[in-house]
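Here is the structure we will look at, set down as structure tokens.
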Amino acid sequence: MTSQTFAGPLSGVRVLELGSFIAGPFAGQLLADYGAEVIKLEPPGGGDPMRRWGVVQDGQSLWWPAIARNKRSVALDLRHADGQAVARALAAECDVVLENFRPGTLDKWGLGYEALAAVNPGIIVVHVSGLGQTGPRSREAGFGSIGEAMGGIRFTTGDPGSRPARTGISIGDSLAALFAVVGTSTALVERARSGRGQEVDVAIYEAVAALMESTMVDYERAGVLRTRTGSVLPGVAPSNVYTSADGAEIAIAGNADAVYRRLCQAMGRPELADDPRFDNHEARGRNSVILDDEIERWTGSRTAEELLGVLAEHGVPAGRIYTAPDMLTDLHYAARDMVLRPKTADGEAGPMAGIVPKFSRTPGEVSSVGPRLGEHTRAVLGALAGVDDERWAELLRRGIVAG
Numbered sequence: 022m023t024s025q026t027f028a029g030p031l032s033g034v035r036v037l038e039l040g041s042f043i044a045g046p047f048a049g050q051l052l053a054d055y056g057a058e059v060i061k062l063e064p065p066g067g068g069d070p071m072r073r074w075g076v077v078q079d080g081q082s083l084w085w086p087a088i089a090r091n092k093r094s095v096a097l098d099l100r101h102a103d104g105q106a107v108a109r110a111l112a113a114e115c116d117v118v119l120e121n122f123r124p125g126t127l128d129k130w131g132l133g134y135e136a137l138a139a140v141n142p143g144i145i146v147v148h149v150s151g152l153g154q155t156g157p158r159s160r161e162a163g164f165g166s167i168g169e170a171m172g173g174i175r176f177t178t179g180d181p182g183s184r185p186a187r188t189g190i191s192i193g194d195s196l197a198a199l200f201a202v203v204g205t206s207t208a209l210v211e212r213a214r215s216g217r218g219q220e221v222d223v224a225i226y227e228a229v230a231a232l233m234e235s236t237m238v239d240y241e242r243a244g245v246l247r248t249r250t251g252s253v254l255p256g257v258a259p260s261n262v263y264t265s266a267d268g269a270e271i272a273i274a275g276n277a278d279a280v281y282r283r284l285c286q287a288m289g290r291p292e293l294a295d296d297p298r299f300d301n302h303e304a305r306g307r308n309s310v311i312l313d314d315e316i317e318r319w320t321g322s323r324t325a326e327e328l329l330g331v332l333a334e335h336g337v338p339a340g341r342i343y344t345a346p347d348m349l350t351d352l353h354y355a356a357r358d359m360v361l362r363p364k365t366a367d368g369e370a371g372p373m374a375g376i377v378p379k380f381s382r383t384p385g386e387v388s389s390v391g392p393r394l395g396e397h398t399r400a401v402l403g404a405l406a407g408v409d410d411e412r413w414a415e416l417l418r419r420g421i422v423a424g
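Counting from 22, one number per residue, gives the positions in the sequence shown under the numbering used here.
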């Protein structure tokens, strides 16, 4: 039994997704994008809160069709002993269990790694949590915002003198999901050699901290505390956002010596390349404010289209600061299938981000979107958990399943 109609790179892998909101479900979305069969367990009452999260129309989140794409929905009450027994039976037929409950919850329900491995030695259990499965704070509640704070990205995001800022998206949850997919994939590769499963422990704060570059060593070895710097990276210039004559915001990255010289040619100011204030990387870093003023005077005299044309002609990396309307109409996005419009349950096409990365021989695909709560419960439990008609009727009557 599979929900997929395409042979992606993870075709043949079966994943049991437990949990809700973003970190675990986004990891499940990516695995499903790559061809894995993802069976999502949801509480019978209202399902994953993501069904009603963010911008909502007609009672459903506009995000739901994307984060639940290619998945099967099974409505099962994991807080009931009979629901836990059904989940164990499902896990016995799966390659991966992906969960983002508070640490200790699965063990309490008899769904921890040791219990599952006893009947399925090859099972890979991927945990996504705020603070990890071990350590003195592991049992604390930990949402993405706390992971972003502990991981260090909040301290470095925003303008100088302002409060630490959010990036504008749930970056902590999304980074944890990406590491969960990396961990799942590598554990599957290792299992192919050993035949044994294992646990994969992803902490949101660690997923963030892993991307914080040299901040720790900079502080310990050089006494440099990286903090909020707005749109610039101190010591690196020119690399900023500049305003065009028609009000567009254009990012220009001309900090490499050769690129900077080409930028000066594009500006019609070749003499700036040899100005001792700007003629090498260190000098430009020291005088970045003055240099940015020079560039801003030039960009303010040209339209965005003119700027991007001349910068491309001179090989200077540049791009407009995109908003959603720009993404939806951009030719490059379209050429690389980064705006998908699959049909939803009500027949309306809703744009969603395409599949990343691109595979040349076994491409991912979106074959279905946002299932109804419990849409696949009966079929999945019958095929994988041995639930016959009599047992199904009993579970349905007691509210342990829905569908």
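Don't be surprised by glycine CBs; every beta carbon is placed ideally from N, CA and C.
Quick caveat, the model's predicted, so the values are computed rather than measured.
Based on the DSSP output, what are the partners of residue i in its beta bridges?
i      : result
Gly60  : Note on residue identity: the sequence assigns Ile, not Gly, to residue 60. The partner list for Ile60 (beta bridge, DSSP) reads Leu37, Arg93.
Gln105 : According to DSSP, which records beta bridges pairwise, Gln105 is partnered with nothing at all.
Ile145 : Val117
Gly189 : Partner(s): none; Gly189 has no beta bridge.
Asn261 : Ile273
Asp222 : His148
Leu293 : According to DSSP, Leu293 bridges with nothing at all.
Lys129 : Note: Lys129 sits in no beta bridge, so no partner.
Gln78  : Gln81
Arg341 : Ile271
Met171 : Paired residues: none, contrary to the question.
Val7   : This structure gives no information on residue 7, because the portion of the chain shown stretches from 22 to 424.
Ala423 : Ala96
Can residue i be considered in contact with the ligand ZN, in the sense that its beta carbon sits closer than 7 Å to one or more heavy atoms?
i      : result
Ala266 : What this structure holds is no ligand at all, so the ligand ZN is not there to describe.
Can you tell me the Cβ-Cβ gap for residue i and residue j, rounded? I've got them flagged as a contact below 8 Å.
i      : j      : result
Ala243 : Ala48  : Rounded, the Cβ-Cβ distance is 36 Å, inconsistent with contact.
Arg123 : Ala162 : 6 Å
Ile342 : Glu270 : 4 Å
Leu51  : Val202 : 5 Å
Pro30  : Met71  : Wrong, their Cβ atoms sit about 25 Å apart, outside the cutoff.
Val337 : Arg283 : 5 Å
Ala53  : Val34  : About 10 Å; that fails the 8 Å criterion.
Pro185 : Gly179 : 6 Å
Leu402 : Val59  : Rounded, the Cβ-Cβ distance is 16 Å, inconsistent with contact.
Return the chain-ordered list of same chain residues with a C-beta closer than 6 Å to the C-beta of residue i, the five sequence neighbours on each side being excluded.
i      : result
Val245 : Asp239
Glu114 : Leu405
Ala112 : Leu37, Val118, Leu137
Ile174 : Val229
Gly131 : Gln105
Ser309 : Ala258
Ile144 : Leu137, Ala138, Gly218
Thr398 : Val95, Ala96, Val422, Gly424
Gly168 : Gly151, Gly193, Ile225, Tyr226, Val229
Pull up the distance between the alpha-carbon of residue i and that of residue j, whole angstroms please.
i      : j      : result
Val140 : Gln105 : 14 Å
Arg100 : Ser41  : 15 Å
Ser260 : Gly251 : 12 Å
Asp116 : Pro64  : 22 Å
Val146 : Lys92  : 18 Å
Tyr134 : Asp128 : 8 Å
Ser206 : Leu417 : 35 Å
Ala44  : Ser150 : 8 Å
Arg249 : Ser166 : 17 Å
His335 : Glu326 : 14 Å
Glu220 : His148 : 7 Å
Glu396 : Asn121 : 22 Å
Met171 : Met288 : 43 Å
Thr155 : Ala231 : 18 Å
Asp351 : Leu361 : 13 Å
Pro181 : Val253 : 11 Å
Starting from the C-beta of residue i, find all residues in its chain whose C-beta is less than 7 Å away, skip the five residues before and the five after it, and write them out in chain order.
i      : result
Pro425 : Not covered by the structure: residue 425. The range shown for the chain is 22 to 424.
Met359 : Ala374, Gly375
Arg247 : Thr177, Thr236, Asp239
Pro392 : Ala89, Lys92, Arg93, Ser94
Asp347 : Arg341
For chain D, check one thing: does any of its Cβ atoms lie closer than 8 Å to the Cβ of residue i?
i      : result
Leu416 : Among the chains of the structure shown, chain D does not appear; only one protein chain is present.
For residue i, I'd like the list of residues in its chain whose CB is within less than 8 Å of its CB, leaving aside the five on either flank, ordered along the chain.
i      : result
Pro142 : Gly216, Arg217, Gly218
Gly67  : Arg73, Leu394
Gly407 : Ala110
Glu317 : Tyr263, Thr264
Gly420 : Pro65, Asp98
Quiz item: Just checking, does the region 295–304 make contact with the region 371–384 on the three C-beta pairs under 8 Å criterion?
Solution: no
Practice problem: Please determine if the region 219–231 and the region 193–208 are in contact, where contact requires at least 3 C-beta pairs separated by less than 8 Å. | Solution: yes
Quiz item: Between the region 263–271 and the region 312–332, do three or more beta carbon pairs fall short of 8 Å?
Solution: yes
Self-check item: Stretch-stretch touch, CB-based, cutoff 8 Å, three pairs: the region 271–283 with the region 340–358
Solution: yes
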